[in-house]
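Line order of the protein sequences matches chains A and B.
Sequential numbering of the first sequence, starting at 168, is according to the working numbering.
Sequential numbering of the second sequence, starting at 168, is according to the working numbering.
Note that beta-carbon positions come from the ideal geometry of N, C-alpha and C, so glycine has one too.
Predicted model, so just to flag it, every value in this text is computed and none were measured.
2 protein chains.
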Amino acid sequence: MARTPAPGTRERILATASRLFYAHGVRAVGMNRIISEAGTGKNLLYQHFTTKDDLVAGYLGRVRERRVDAIHRALDAAGDDPRDRLVALVGELGDLVTRTGSRGCAFRNYLVEFPDDSPAGSTDGADTSVGAGTPATLAREHLAEVRAVIDGLVGELGTDDPDRLADELCLVVDGLFMQAAHRDPDGLRRGADTAVRLTRRLVGA
Amino acid sequence: MARTPAPGTRERILATASRLFYAHGVRAVGMNRIISEAGTGKNLLYQHFTTKDDLVAGYLGRVRERRVDAIHRALDAAGDDPRDRLVALVGELGDLVTRTGSRGCAFRNYLVEFPDDSPAGSTDGADTSVGAGTPATLAREHLAEVRAVIDGLVGELGTDDPDRLADELCLVVDGLFMQAAHRDPDGLRRGADTAVRLTRRLVGA
DNA sequence: GTCTATAAGGGGATAGAC
DNA sequence: GTCTATCCCCTTATAGAC
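Here it is, written out as structure tokens:
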């Protein structure tokens, strides 16, 4: 059988595509450019990803794994206090946004770029199994995933109005990512610090 | 001379283009669709807007005028207290985001869609005269404009660290607009309420 | 003359075939 | 890998209608 002649090929394609999609936007990057920069043949790419949407889904899935891992590492490092864990969560996302070359959140950016793909209110019989859907559903699933983490931690806090606090923290996180689109590195640094400071105040840490 | 045979044409084109660009994204809408939905000839469109970038600039300029007007009306209606005016500013933007069919901020969305056009840190000898530049400069100009309004109002407050408060309010505003990309109408309503409530708390009103 | 409708040019898109 | 097919993009040019 030996069905995988070059095990690194898929990952190399995915890494190249991810870098380009994230840096320039999904619509701005064509398959030709990915093929030429990945140094692979066109046949091989379409063998691993039958369509561009598949490749985009692979891109978002890859970012998602890394994002989830990074979040859980940050949470674990923060200890057991849900207050500290919430601050660590926002701090981790702040670090992500202030990294050089950062262009914010891959998922939110995708949804801005493709507003017509399964819009916010729709539940059109989509494949609800995690990780198998379209790019848009993948993006929304991840956002819901993070929201669930926030809800869980806020719930542990035992405050009067947990939904209210969770909404506030989500607003801060969204603001953090939106600023990546238009603020310079200095402003981003200050934006991330602001997000962490605000989080600290909101959770009462 | 009588150089303007049909005075309403330009505005009709601009209205159609604005609706389509805002709803579906700039890249997703082609000139053909604008022409067909505006009911005008292709020649006439290119007579008023020599290139698609011109049309996009016209779109953003149009949104900008209306946005600035709406902001100033809201500020005037709020009275003289800078606290009330800041709350009114965020409230106005919240209303904008919760309107049916809203897709958030046209300027921020454009910058997400075209990250390579005059990126955040660049000051490549662009035309700095207001309203005459490329879409990207137009977008950045408007964001700076609103930031200046916030800075001014925060300055009137006479707090210890005005830059800090202004950063916090900008984070809230950015979060408000980012949520338009991925929250459903119910979530958006709560997000807007959260933004106003948070603003009230931050400015001490 | 003013506008519409249509075709064509030049490029690049996805995707498939050899 | 290259080559082709098909389509859509922006833009210009031409031809026809009022």
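It is roughly 7 Å from the alpha-carbon of ALA205/B to the alpha-carbon of ARG179/B.
According to the DSSP assignment, ARG250/B belongs to the alpha helix (DSSP H) that extends over 249 to 265.
For THR361/A, the residues of chain B that pass the 9 Å Cβ criterion are ARG331, ASP334, GLU335, CYS337 and LEU338, in the order they occur in the chain. By the Cβ criterion, the stretch 322 to 342 of chain B is in contact with the stretch 252 to 259 of chain B, since at least three pairs of Cβ atoms, one from each stretch, lie closer than 8 Å. With a threshold of 8 Å between beta carbons, PRO282/A makes contact with chain B.
Along the stretch 302 to 325 of chain B, going in chain order, the ones with a CB nearer than 9 Å to a CB of chain A are ALA306, ARG307 and LEU310. Flagged as an interface residue toward chain A: MET345/B, by a C-beta distance shorter than 8 Å.
Contact between the stretch 352 to 371 of chain B and the stretch 175 to 191 of chain B is absent: fewer than 3 CB-CB pairs across the two stretches fall below 8 Å. Each of TYR226/A, GLY268/A, SER289/A and GLY288/A was checked against the Cα of ASP283/B, and the nearest Cα belongs to GLY268/A. Straight-line spacing of the CA atoms in ALA359/A and GLN214/B works out to 46 Å. The beta carbon of ASP351/B falls within 8 Å of a beta carbon belonging to chain A, placing the residue at that interface. A residue is called buried when at least 16 other Cβ atoms come within 10 angstroms of its Cβ; ASP334/B meets this threshold and is buried.
DSSP, read as helix, strand or coil, puts SER203/A in helix. Selection VAL321/A, LEU227/A, ASN199/A and ASP327/A evaluated against LEU310/A yields LEU227/A as nearest (Cα-Cα). When 7 Å is used as the limit between beta carbons, ASP251/A is near no residue of chain B, the shortest such separation being about 21 Å. Around the Cβ of GLY225/B, a 10 Å sphere holds 16 or more other Cβ atoms; the residue is buried. Short of 7 Å from the beta carbon of ARG356/B, and not among the five residues preceding or following it, lie these beta carbons of its own chain, in chain order: THR265. Each residue's CA atom was taken as its position, placing GLY261/A and ASP262/B some 28 Å apart. For a Cβ distance threshold of 7 Å, nothing in chain B lies close to ARG356/A: the least Cβ distance comes to about 11 Å. The Cβ atoms of VAL223/A and PRO286/A do not sit closer than 8 Å to each other.
DSSP, read as helix, strand or coil, puts GLY268/B in coil. In the three-state reduction of the DSSP assignment, PHE188/B falls in the helix class.
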